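One structure is given here, and the rest of the page talks about it.
4 protein chains.
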Amino acid sequence: MAETGAVPPDTGRRLGRVDSFSDGLFSIAATLLVLSIDVPNVPEGDLNGALDSLLPSLLAYFISFAVVGLFWLRHHEFFGRLRASDSRLATLNLVFLSFIALLPVPTELLGRYDNSAAPVVIYAVFILVLSALLRALFHHARSAHLLAPGQEIPADNAGAAAVWSAFALSIPLAFVSPDLGMYCWILAWPLRMVFARVFGASAP
Amino acid sequence: MAETGAVPPDTGRRLGRVDSFSDGLFSIAATLLVLSIDVPNVPEGDLNGALDSLLPSLLAYFISFAVVGLFWLRHHEFFGRLRASDSRLATLNLVFLSFIALLPVPTELLGRYDNSAAPVVIYAVFILVLSALLRALFHHARSAHLLAPGQEIPADNAGAAAVWSAFALSIPLAFVSPDLGMYCWILAWPLRMVFARVFGASAP
Amino acid sequence: MAETGAVPPDTGRRLGRVDSFSDGLFSIAATLLVLSIDVPNVPEGDLNGALDSLLPSLLAYFISFAVVGLFWLRHHEFFGRLRASDSRLATLNLVFLSFIALLPVPTELLGRYDNSAAPVVIYAVFILVLSALLRALFHHARSAHLLAPGQEIPADNAGAAAVWSAFALSIPLAFVSPDLGMYCWILAWPLRMVFARVFGASAP
Amino acid sequence: MAETGAVPPDTGRRLGRVDSFSDGLFSIAATLLVLSIDVPNVPEGDLNGALDSLLPSLLAYFISFAVVGLFWLRHHEFFGRLRASDSRLATLNLVFLSFIALLPVPTELLGRYDNSAAPVVIYAVFILVLSALLRALFHHARSAHLLAPGQEIPADNAGAAAVWSAFALSIPLAFVSPDLGMYCWILAWPLRMVFARVFGASAP
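Chains as they are written, first to last, in numbering that gives the first Met the number 0: chain A, 0 to 203; chain B, 0 to 203; chain C, 0 to 203; chain D, 0 to 203.
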């Protein structure tokens, strides 16, 4: 049902509403991450000790906020280049958004269990799925000619390769040590610069 | 109070705000579905077992996310075809949205209780109510001449008939077996294609 | 700081953002009402009994959803008639919105405690405060000349008088019987029509 | 990556989406503050006593709602003066928003623990961090020439100095008495007027 011909007059408005639904969802998902932090409910005397145990949850919160923020920036750039939508794009977008909205669950697991591999593995798989779904959105928009004339989605193969390497590598590492798995994610930043040089691609 | 004559100059703006309230509500309702998933809070050693018990909740989450997404697409298509609103439309829309916003409750019931008929029956009744309310919105817009000139709401009788058949049928089946009731919902997809052929209607 | 002279060029945009903040808040407050319903977490065999105890919460949910919806309609009509904003309007609006956002608390109390006067009294006071704050917004907009030329806020004195009578009367009645207090709220609808005839005012 | 030259044609739209993401986040953060209030779940006979214990939570709610509202007003004024965005501004904005979205946590601590210094100190540090991040946003927008021609961010050095003095002073005071620390925050209002006279600056 791709609208490859003339764009109907209300397409701009429709795209605007998809934008607005997606934006709303991104900002709500980002804000709901705060609910993954269990505010201590202890006798007043034990408060200081209980506050220490908030630190892993806070770290998980900031990691997930950055994830939502970065995916939102990419998604927003992408939607800004579309000239039309079709039903497959809308469906793919909903699937992508359903995973964005689910992010508080792996975040809460990550913040609550320090010494298990499972939360790190689940979180890494989650990021890989989100990244693959965004790629699928880009791919469909290109092949169904939904981009506005003269627009191209910045490939950012360096960024994608960096995210994939760092998060895929963290899965086996998490079984050695959950902390080691999480540290591995930080590698995405330097790796991106390395890959950008190798590929000669411009980072957005 | 239907404005059947000339549309006052601020109607576009007003419709825009109803759109924005509705969109906001849809995206928040979709995102709040994540709260229907109880993230396990168990000793670290029992984590893997507890994660297995997340699966029914995750399934219920994705079903409800699809429900919100599909109703949002229909609602958004509908509002895009209006030229004006009236107070009955606003009221009907609020009633419809109050059921959309309530969806986390049947979703949580569905994910938490595997072996009872009640959650499946409640969920199916919920979908039938949502579907009937959307039909009532369409019906009122048509009879009060609120549609923009030349616009018609795609009937999608095939889709409605498929949803009604599958969800109504699931109610007696849930008393035989809750799982059987849920599987029955999947029938909505093939049924829609069958009905579309029978009715010769185009599916949106 | 009322801008009574020429409206600066970016006022429309600013008003748009206040609109958007307010709309967002209204739709989130409406959606968060669902969190005031405690989804039963009982052994599977006790589910049917536990579902019965959901009914007062559901009733409270629909009452509060209607409250948010009606206040939103009035607020939205009001903002559609403004030509400019000033800092006092922004402050009053924030105070009003802080009470809208607080509505889940009296809603949860109302749904959870059936046989106490306190929740009914708190809820009624809440509605009176919201109604007074909205009146204060209207009053300030008029006296600071913030309305667009030729625009007037529909007085709806009948509606206000009906809400005030029904909710003020419910406070002493709640001490006789909490249920009687709640039934009294329903009087707002017929009272509005009576007052509308008496005052000769048009209901919006 | 500052776009100091000609503004690309889609910058307005992009800024609009950043606005919309930020606005959404502010209104959701404001609304989620209600979740920091623990609605009492006690036997019906103990309700009146339990309602008294809601008061500190309500106070913390209104303080935080005012904080979100005031920061939103400043942020909204600021974004209204931008002609373009760059990636550093987007990143700083996300960091700022991640702290806005985190506000329910210190709010819940403040409302739950009456007699400890830690919640007051955490809350004060939080406000200082938010204030510093907003200043950093302003500073970057100025130095990267992102402001629209002829626009200047109102310095409000008086306001900033008042907030900094009152909240920084409250930290040592909280160790003397948590209540004294909180009362100290109220000083921000009179201090602002004093500083405004001293600096001769106009308060927004």
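Built from N, CA and C at the ideal position, the CB exists for glycine as well. What you are looking at is a predicted structure, and each value in this text was computed from that prediction instead of being measured.
Point to revise | Under the three-state DSSP convention, the category Leu145 of chain B falls into | key: coil
Exercise for review: Leaving out five residues on either side along the sequence, give the residues of the same chain with a beta carbon under 8 angstroms from the beta carbon of Pro118 of chain A.
Suggested key: Pro105, Leu108, Leu109, Arg111, Tyr112, Pro177
**Study point:** DSSP state of Leu81 of chain D mapped onto helix, strand, coil
**Key:** strand
Check your understanding: Mind checking if Asp85 of chain B is an interface residue toward chain A, Cβ cutoff 8 angstroms exclusive?
Key -> no
**Study point:** Separation of Gly23 of chain C from Phe20 of chain B, as counted between CA atoms
**Key:** 7 angstroms
Exercise for review: Measure the CB-CB distance between Trp184 of chain B and Ser169 of chain B and report whether it falls below 8 angstroms.
Suggested key: yes
Review point. What does Arg111 of chain C touch in chain D if you count any residue whose Cβ is under 8 angstroms from its own?
Key: Val38, Asn40
Exercise for review: Establish whether the CB of Trp71 of chain B and some CB of chain A are separated by less than 8 angstroms.
Suggested key: yes
Review point. Looking at the structure shown, is Ala1 of chain C part of a helix, part of a strand, or coil, going by DSSP?
Key: Any reading at Ala1 of chain C must be qualified, since the residue scores a pLDDT of 39, below 50, and its modelled position is unreliable; the value itself is stated next. Here Ala1 of chain C sits in coil by DSSP.
Practice item. Kindly indicate if chain C contains any beta-carbon less than 8 angstroms away from that of Ile27 of chain B. Key: yes
Check your understanding: Counting pairs of Cβ atoms below 8 angstroms between the stretch 69-83 of chain B and the stretch 140-159 of chain B, do you hit three or more?
Key -> yes
Review point. Taking 8 angstroms as the CB-CB limit, is Phe215 of chain D close to chain C?
Key: In this structure chain D extends from 0 to 203, so residue 215 of chain D is not present and cannot be described.
Check your understanding: Under the rule that 16 or more other beta-carbon atoms within 10 Å means buried, what is Leu54 of chain B, buried or exposed?
Key -> exposed
Exercise for review: Label Asn156 of chain D either buried or exposed according to how many other C-beta atoms from any shown protein chain fall within 10 Å of its C-beta, with 16 as the threshold for buried.
Suggested key: exposed
Point to revise | From A:Ile126, A:Leu136, A:Trp163, residue whose alpha carbon lies closest to that of Asp85 of chain A | key: A:Leu136
**Study point:** Where Leu91 of chain B falls, given that 16 or more other Cβ within 10 Å makes a residue buried
**Key:** buried
Check your understanding: What's the gap between the Cα of His138 of chain A and the Cα of Ala147 of chain A?
Key -> 15 angstroms
Exercise for review: Could you tell me whether any Cβ in chain A is nearer than 8 angstroms to the Cβ of Arg63 of chain D?
Suggested key: Correcting the residue type first, residue 63 of chain D is Ser in the shown sequence and not Arg. No, Ser63 of chain D lies away from the interface with chain A (no Cβ there is under 8 angstroms from its Cβ).
**Study point:** Buried or exposed (CB count within 10 angstroms, at least 16 for buried), Phe70 of chain B
**Key:** buried
Check your understanding: Given Ala80 of chain C, which residues of its chain have a CB within under 7 angstroms of its CB, disregarding the five upstream and five downstream residues?
Key -> At residue 80 of chain C the sequence reads Arg, which differs from the Ala that was named. Answer for Arg80 of chain C: Leu146, Ala147, Gln150, Ile152, listed in chain order.
Practice item. List the residues of chain C whose Cβ lies closer than 7 angstroms to the Cβ of Tyr182 of chain D, in chain order. Key: Correct list: empty, because the minimum Cβ distance to chain C is about 21 angstroms.
Exercise for review: Could you give the DSSP three-state label for Asp37 of chain D: helix, strand or coil?
Suggested key: coil
Practice item. Decide if Tyr182 of chain C is buried, meaning its Cβ has at least 16 other Cβ atoms within 10 Å, or exposed. Key: exposed
Practice item. For Gly68 of chain D, decide whether its Cβ has a neighbour in chain C, counting only Cβ atoms nearer than 8 angstroms. Key: yes
Exercise for review: Could you pull out every residue in the same chain whose Cβ sits closer than 7 angstroms to the Cβ of Ile121 of chain A, ignoring the five residues on either side in sequence?
Suggested key: Pro105, Leu108
Point to revise | Buried or exposed by the 16-neighbour rule on C-beta atoms within 10 Å, applied to Phe174 of chain D | key: exposed
Exercise for review: Drop a sphere of 10 angstroms on the beta-carbon of Ala197 of chain D, count the other beta-carbons inside from all chains shown, and report buried for 16 or more, exposed for fewer.
Suggested key: The identity of residue 197 of chain D in the sequence shown is Val, whereas the question assumes Ala. Exposed.
Check your understanding: Where does Tyr122 of chain A sit, in a helix, a strand or coil, going by DSSP?
Key -> helix
**Study point:** Test: Leu88 of chain D CB closer than 8 angstroms to a CB of chain C
**Key:** no
Check your understanding: Does the Cβ-Cβ distance between Phe61 of chain D and Ser130 of chain C come in under 8 angstroms?
Key -> no
Exercise for review: Compare the Cα-Cα distances from Leu32 of chain D to each of D:Ala65, D:Gly44, D:Gly48 and report the closest residue.
Suggested key: D:Ala65
Check your understanding: Relative to the C-alpha of Phe125 of chain B, which residue among B:Ser115, B:Leu88, B:Ala167 is closest?
Key -> B:Ala167
Check your understanding: From D:Val162, D:Ser52, D:Leu34, D:Ala195, pick the residue whose C-alpha is nearest to that of Val128 of chain D; which is it?
Key -> D:Val162
Practice item. Give a yes or no on whether the minimum CB-CB distance between Glu76 of chain B and chain C is below 8 angstroms. Key: no
Review point. Got a sec: which bits of the stretch 118-137 of chain B sit with their beta carbon under 7 angstroms from any beta carbon on chain C, in order along the chain?
Key: none
**Study point:** Proximal residues of chain D, C-beta to C-beta of Val256 of chain A below 7 angstroms
**Key:** This structure cannot settle anything about residue 256 of chain A, because the visible part of chain A is limited to 0 through 203.
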